[in-house]
Each structure stands twice: as C-alpha cells, then as structure tokens.
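**Student:** Residue numbers (this note's numbering): 20 to 230. Virtual Cβ for every residue (Gly too), placed ideally from N, Cα, C.
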C-alpha cells in the first residue's frame with residue numbers, strides 16, 4: 020500500500036516536472052531568439068551606417084575628409100563584427116574602407132576573412148565573385164609580379180561566378196599578359212569587349228598584344 024502511494028506520488032511529481040519544463044522551454048527559446056534578433060538588428064545598423072560613411076568617403080574630393088570618413092566606416096564595421104563575426108558583408112565593408120585608406124595588407128586580411136568559412140557561406144555567388152575580383156585587384160596593386168598567381172586564381176573563380184564582370188575579365192587579361200600567356204590574355208580581353216564594346220581597358224589590352 021505504502022509502495023503504491025509512493026509510486027503514484029513519484030509519477031505525479033514527474034508529470035508536474037514535465038509540465039513545467041514544457042511550459043518553460045518555449046519561453047527560454049523565445050527569449051534566446053529575441054536576444055539574437057536584437058543583436059542582429061544592431062549589427063545591421065552598424066553595417067548600414069558604415070556603408071553610408073564609405074559612400075561619402077568615396078564621393079568627397081577632400082583627401083583628409085575621405086580618410087576620416089573611411090576610418091569611421093572601419094569603426095562601424097568593427098562594431099558589426101563584434102556582434103556577428105561571421106558576417107561576410109561587414110568584413111568586406113572593412114576591407115573596402117581600409118583599401119581606400121591605403122592599408123592594403125589589412126584590407127587583404129579582411130577579404131580573406133570574408134572569403135573563408137564560415138563567413139563566406141553568407142554570400143551569394145555574385146557577391147563572392149565581386150569580392151574575389153576586389154581581392155585580386157589589391158593583390159596586383161600590392162605586388163604585381165609576386166601576387167599575380169593569386170590574382171589569377173581569384174579572377175578565374177570571379178568570372179565563373181559573375182560572368183558579366185567586365186572589369187574582372189580585363190584584369191584577368193592583364194594578369195595573363197604579365198605571365199606571358201598571350202592567348203589566354205587575348206581571350207579574356209575579347210570576352211570583355213563582347214560584354215562591353217566600349218571597354219577602353221580591354222581594347223588597350225588587345226592593342227598591346229597585337230603590337
């Protein structure tokens with residue numbers, strides 16, 4: 020008799036415990052989602068503010084003002100990344116601002132972060148192609164000869180992902196030209212001209228190959 024009572028009491032306590040756990044779990048999950056949502060919203064605000072600052076930095080003709088705005092854009096990107104370090108867009112924003120400031124090595128590191136897992140998974144194919152093109156552009160600007168192979172690798176993937184990127188084809192043609200790969204360079208320049216018949220860079224590239 021006593022055993023039956025204890026068993027019934029244990030079942031009752033277990034049932035009550037499960038009931039309270041079921042009632043409490045959705046609230047905890049909801050609180051976590053709300054917190055994550057607030058964090059994401061704040062990160063997005065920092066990103067958009069940084070994007071606005073970078074646009075102003077690019078549009079002004081005053082170098083001092085441009086550098087100051089770009090520096091502020093880096094600050095906003097850092098704030099966004101402190102909240103969401105996997106946001107490739109914030110890494111790219113930081114890279115572009117650093118490049119504008121002339122800090123190309125630091126800009127490359129930010130592009131590397133954006134184009135590496137897990138951040139790269141947040142980019143669309145076109146966004147990834149554009150980022151690869153920009154990273155290649157900086158590689159060539161930093162050291163044309165030593166980094167040309169890295170640039171070619173990025174550009175081949177960039178035009179695969181963004182097949183209408185005329186600038187990427189032109190830069191790819193220049194890189195092939197530097198490597199002495201004239202046939203590949205000509206093909207890249209000709210593709211650029213098919214996409215944009217008025218491309219000066221592509222026509223100049225073909226002119227160099229034909230001279």
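Once the 5 residues before and after residue 124 are set aside, which same chain residues still bring their CB inside 8 Å of it?
**Tutor:** 161.
**Student:** Does the segment 78-89 come close enough to the segment 55-70 that 3 or more CB-CB pairs lie under 8 Å?
**Tutor:** Segments in contact, no.
**Student:** Starting from residue 84 and walking both ways along the alpha helix (DSSP H), at which residues does that stretch end?
**Tutor:** Counting along the chain, the alpha helix (DSSP H) containing residue 84 begins and ends at 82-102.
**Student:** Taking residue 135 as the reference, give the member of 150, 80, 121, 182 with the closest Cα.
**Tutor:** Nearest option by C-alpha distance: 150.
**Student:** Below 8 Å on the Cβ atoms is my contact criterion, and I expect residue 88 with residue 99 to pass it. Report the Cβ-Cβ distance as a whole number of Å.
**Tutor:** In fact, because the Cβ distance is near 17 Å, the residues do not count as touching under 8 Å.
**Student:** Please state whether DSSP places residue 224 in a helix, a strand or coil.
**Tutor:** Residue 224 falls in the helix class under three-state DSSP.
**Student:** Below 8 Å, can you find three or more Cβ-Cβ pairs linking the segment 112-129 to the segment 138-149?
**Tutor:** Output reads no: the segment 138-149 does not touch the segment 112-129.
**Student:** Rounded to whole angstroms, what's the CA-CA distance from residue 203 to residue 62? Just pull it up for me.
**Tutor:** Distance between the alpha carbons of residue 203 and residue 62 is about 43 Å.
**Student:** Let's test the definition: count the other Cβ atoms within 10 Å of the Cβ of residue 144 and tell me whether it reaches 16, buried, or not, exposed.
**Tutor:** Burial call: exposed.
**Student:** When you compare only the Cα positions, how much space is there between residue 105 and residue 179?
**Tutor:** Straight-line Cα distance between these residues: approximately 24 Å.
**Student:** For residue 72, which three-state DSSP category applies?
**Tutor:** Residue 72: helix per DSSP, three-state reduction.
**Student:** Tell me where the alpha helix (DSSP H) around residue 131 begins and ends.
**Tutor:** Note, residue 131: alpha helix (DSSP H), 123-133.
**Student:** Kindly indicate which residue of 78, 101, 79 has the alpha-carbon position closest to the one of residue 65.
**Tutor:** Checking every option, the nearest Cα to that of residue 65 belongs to 101.
**Student:** What residue from 111, 225, 70 has the CA that sits closest to residue 92's CA?
**Tutor:** If we check each option's Cα against that of residue 92, 70 comes out closest.
**Student:** Closer than 8 Å, CB to CB, is residue 158 near chain D or not?
**Tutor:** Checking the listed chains, one finds no chain D in this structure; it contains a single protein chain.
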